[in-house]
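Encoded as structure tokens, the structure appears first; notes follow it.
Residue numbers (this note's numbering): 955 to 1055.
Here it is as structure tokens:
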């Protein structure tokens, strides 16, 4: 699932819907340049007009970073947030994070 693709299927900046409201990252171990990393993303919360993702970056067996980002479904033309459409909400709910942080 690509969150941005759900809200803006054509990736057109003229129709862009997702804006970042807040980012929080905790670096818990060193990340080494030139070595493979894996990024895992889950839906943490879904509000009326916004959503919060929880993400982890792993290198090998080590958790190196974790954090959250809040996106708002935003109408740039009208300069206001909009409710998340029900069809998109249902898809987002299939990716809710159920683990401990």
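Backbone N, C-alpha and C fix where the C-beta goes; we use that ideal spot for every residue, glycine too. Keep in mind it's a predicted model, so treat the numbers as computed, not measured.
For the alpha helix (DSSP H) that contains residue i, what are its first and last residues?
| i | result |
| --- | --- |
| residue 967 | From DSSP, residue 967 is part of no alpha helix (DSSP H); its letter is neither H nor E. |
| residue 960 | 957-961 |
With burial defined as no fewer than 16 other Cβ atoms inside 10 Å of the residue's Cβ, what is the status of residue i: buried or exposed?
| i | result |
| --- | --- |
| residue 1038 | buried |
| residue 981 | exposed |
| residue 1011 | buried |
| residue 1025 | buried |
| residue 987 | exposed |
| residue 964 | exposed |
Where does residue i fall in DSSP's three states?
| i | result |
| --- | --- |
| residue 1056 | Coverage of the chain is limited to positions 955 through 1055, which leaves residue 1056 absent and any answer about it impossible. |
| residue 1042 | helix |
| residue 1055 | Bear in mind that the predicted position of residue 1055 carries a pLDDT of just 47, short of 50, making it unreliable; the figure below should be weighed with that in mind. Reduced to three states, the DSSP call for residue 1055 is coil. |
| residue 1048 | coil |
Considering only C-alpha positions, which residue in the set the options is nearest to residue i?
| i | options | result |
| --- | --- | --- |
| residue 1004 | 1053, 963, 1022 | 1022 |
| residue 971 | 957, 1048, 1047, 1013 | 957 |
| residue 1007 | 1046, 987, 1029 | 1046 |
| residue 966 | 1013, 1030, 1042 | 1030 |
| residue 969 | 1052, 1027, 1042, 986 | 1027 |
| residue 1009 | 1040, 993, 1044, 1041 | 993 |
* **Contained beta strand (DSSP E) runs [length at least 3] in the region 989-1033, N- to C-terminal order** => Counting only runs of 3 or more, we get 992-1000, 1004-1013, 1016-1029.
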